[in-house]
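S.K.: Residue numbers are given in full-length UniProt numbering: position 181 of the sequence shown equals residue 181, and the series is strictly consecutive. Beta carbons are placed, not taken as given, at the ideal position from N, Cα and C, and that holds for glycine. The structure is given below, and queries will be raised subsequently.
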Amino acid sequence: MEVTLLGTGDTTGTPTVQCDCDTCERARDPDEELRARVRERGIDPTGGIERSRFSVALQNDVTDESLLIDLSPDFRHQFLRESVPLPDAAIVTHVHFDHLDGLGNAYRLFDELPVHAANETDPVTGESVAEGVRSRYDYLDTVSVHAQTPFEPFTVAGFEVTLVPVTHPPLLCYGLRIEEPQTGAVLSISGDTCYDVPERSKAALTGADLALVEGIVHPEACEYHPKGGDHFTADGVPRTFGTKHMTLPGARDFASDIEADDYRIVHTAHYVPADRAFADDIGLDGERFTL
């Protein structure tokens, strides 16, 4: 399984448009020490360092098929930049625009694109994620939507995939367990979630070779959220920012909880201070893994 992090940022990405905060400025113009560290991770920092909106490309070396997890609004830029194959199929974790609105790029690029999503009806929207994808993109004749039941594995692009409910109020959202059957390689993706993930879901995500775990901000940022923080450590550090995202310590604890062999924090915002925003365990666009 070849894993390429196409987009590792939150809804505005890093650098954020017209933002001159220290983190965005350092991303645009990294110092030599940061450039060297980024090169060690297999990324060319010549044009700066980027976290575009979330998306992950998987290549199945056994079947020579590819799978896309979430369709970032930065779809075109990501695929031009990384030169990965266009996907044979895609999965949508939830209907927020930064995970879905890249689907419009299917126009003229695909003869056929199967899109898989959960079939549970969301009480807030009155439709499932699958129905939401179908209703928003019904004009795309090349896209077919396939509704899947959470916790019931299905096969796509040669991978065995399980949709795993997580906690991202007010909408339903799903993490993923993705396994390559012949090699047993496993990728777990937390999806957008707070730290309070149901135990059954944690169990499903446990034991991955690599986990991509959502962590949006540093814990001190909770002071500025109207709902503060939640799910505190014994030392009083919030693992949840507000109600629907993890802090960086929350993400690290979650990776430990699910016993991942390796992990990267993703969906990270530019609000993280510049001296912490580029830590080695926080994902960067273009980072690649072989499982």
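Among residues of its own chain, excluding the 5 on either side of R200, which ones have a beta-carbon nearer than 6 Å to its beta-carbon?
M.R.: As a first step, residue 200 must be located in the sequence shown, where it is residue number 200. Excluding residues within five positions, none has a Cβ falling inside 6 Å.
S.K.: I think D10 touches H267, with their Cβ atoms under 8 Å apart; what is that distance to the nearest whole Å?
M.R.: Against the sequence shown, residue 10 aligns to sequence position 10. Against the sequence shown, residue 267 aligns to sequence position 267. Right, their Cβ atoms sit about 5 Å apart.
S.K.: Can you tell me whether F151 is buried or exposed, with buried defined as 16 or more other CB within 10 angstroms of its CB?
M.R.: Numbered from its first residue, the sequence shown carries residue 151 at position 151. Exposed: under 16 other Cβ atoms inside 10 Å.
S.K.: Flag this pair as touching only if the stretch 89-108 and the stretch 127-144 have three or more C-beta atom pairs under 8 Å; answer yes or no.
M.R.: yes
S.K.: Reducing DSSP to helix, strand and coil, say where T23 ends up.
M.R.: By 1-based counting over the sequence shown, the position of residue 23 is 23. In this structure, T23 counts as helix in the three-state DSSP scheme.
S.K.: Would you report the Cα separation of G104 and V145, rounded to the nearest angstrom?
M.R.: Counting from one through the sequence shown, the residue named residue 104 turns up at place 104. Counting from one through the sequence shown, the residue named residue 145 turns up at place 145. Cα to Cα, the separation comes out at about 14 Å.
S.K.: Using only CA atoms, which one of L187, T167, P45 and T63 lies nearest to I69?
M.R.: Here residue 69 refers to the residue found at position 69 of the sequence shown. It is L187.
S.K.: Among V124, T290, R134 and F278, which residue has its Cα nearest to the Cα of P114?
M.R.: Translated into the one-based positions of the sequence shown, residue 114 becomes position 114. Looking at V124, T290, R134 and F278, the one whose alpha-carbon comes closest to that of P114 is R134.
S.K.: Under 8 Å between the Cβ atoms of A57 and T4?
M.R.: Looking up residue 57 in the sequence shown gives position 57. Looking up residue 4 in the sequence shown gives position 4. Going by C-beta atoms, A57 is nearer than 8 Å to T4.
S.K.: What residues match up with Y263 in a beta bridge as DSSP calls it?
M.R.: For this step, residue 263 is matched to residue 263 along the sequence shown. Answer is A211, bridged to Y263.
S.K.: If you compare alpha carbons, which of D281, D88 and R239 is closest to T155?
M.R.: Numbered from 1 along the sequence shown, position 155 holds the residue referred to as residue 155. Among D281, D88 and R239, the Cα nearest to that of T155 is on D88.
S.K.: How should A234 be labelled, buried or exposed, when 16 other C-beta atoms within 10 angstroms of its C-beta is the threshold for buried?
M.R.: As a working mapping, residue 234 is identified with position 234 in the sequence shown. Flag for A234 reads exposed.
S.K.: F79 by DSSP, collapsed to three states: which one?
M.R.: Walking along the sequence shown from the start, residue 79 turns up at place 79. DSSP places F79 in helix when its eight states are reduced to three.
S.K.: Find the nearest neighbour of A221 within the set V143, P170 and H270, judged by alpha-carbon distance.
M.R.: Translated into the one-based positions of the sequence shown, residue 221 becomes position 221. Nearest neighbour of A221 by Cα position, chosen from V143, P170 and H270, turns out to be H270.
S.K.: Checking 8 Å against the spacing of the C-beta atoms, do R239 and P249 come in under that value?
M.R.: Taking the first residue of the sequence shown as position 1, residue 239 is located at position 239. Taking the first residue of the sequence shown as position 1, residue 249 is located at position 249. Yes.
S.K.: By how many angstroms is the C-alpha of G229 removed from the C-alpha of V213?
M.R.: Against the sequence shown, residue 213 aligns to sequence position 213. Against the sequence shown, residue 229 aligns to sequence position 229. Approximately 18 Å, taken between the alpha carbons.
S.K.: Output the distance between the C-alpha atoms of L71 and C19, rounded to the nearest integer angstrom.
M.R.: Locating residue 71 in the sequence shown gives position 71, counting from the first residue. Locating residue 19 in the sequence shown gives position 19, counting from the first residue. In a straight line, the C-alpha of L71 is about 24 Å away from that of C19.
S.K.: Do you know how far the Cα of G236 is from the Cα of V80?
M.R.: Translated into positions along the sequence shown, residue 80 becomes position 80. Translated into positions along the sequence shown, residue 236 becomes position 236. In the sequence under discussion, the amino acid at residue 80 is Leu, which differs from the Val named in the question. When rounded, the distance between both Cα atoms is 44 Å.
S.K.: Based on Cα-Cα distance, which residue from D262, D275 and P273 lies nearest to residue 292?
M.R.: The requested residue 292 is not part of the displayed model; the chain covers only 1 to 291.
S.K.: Could you compute how far the alpha carbon of Y107 sits from the alpha carbon of E50?
M.R.: As a working note, residue 107 is residue 107 in the sequence shown. As a working note, residue 50 is residue 50 in the sequence shown. For Y107 and E50, the distance between alpha carbons rounds to 26 Å.
S.K.: Give the single residue among T23, C24, G48 and S256 whose Cα lies nearest to the Cα of E32.
M.R.: As a first step, residue 32 must be located in the sequence shown, where it is residue number 32. Per the Cα distances, G48.
S.K.: Pull up the distance between the alpha-carbon of V217 and that of C194, whole angstroms please.
M.R.: Sequence index remark: in the sequence shown, residue 217 carries index 217 (1-based). Sequence index remark: in the sequence shown, residue 194 carries index 194 (1-based). Those two C-alpha atoms are separated by around 12 Å.
S.K.: Select from D44, S190 and D280 the residue whose C-alpha is nearest the C-alpha of A211.
M.R.: By one-based count along the sequence shown, residue 211 stands at place 211. That would be S190, whose Cα lies nearest to the Cα of A211.
S.K.: What residues are listed by DSSP as bridge partners for F289?
M.R.: For the purposes of this step, residue 289 is taken as the residue at position 289 of the sequence shown. Looking at the DSSP assignment, F289 forms a beta bridge with V3.
S.K.: Measure the C-alpha to C-alpha separation of E179 and L67 and round it to an integer number of angstroms.
M.R.: Residue numbering aside, residue 179 sits at position 179 when the sequence shown is read from its first letter. Residue numbering aside, residue 67 sits at position 67 when the sequence shown is read from its first letter. When rounded, the distance between both Cα atoms is 12 Å.
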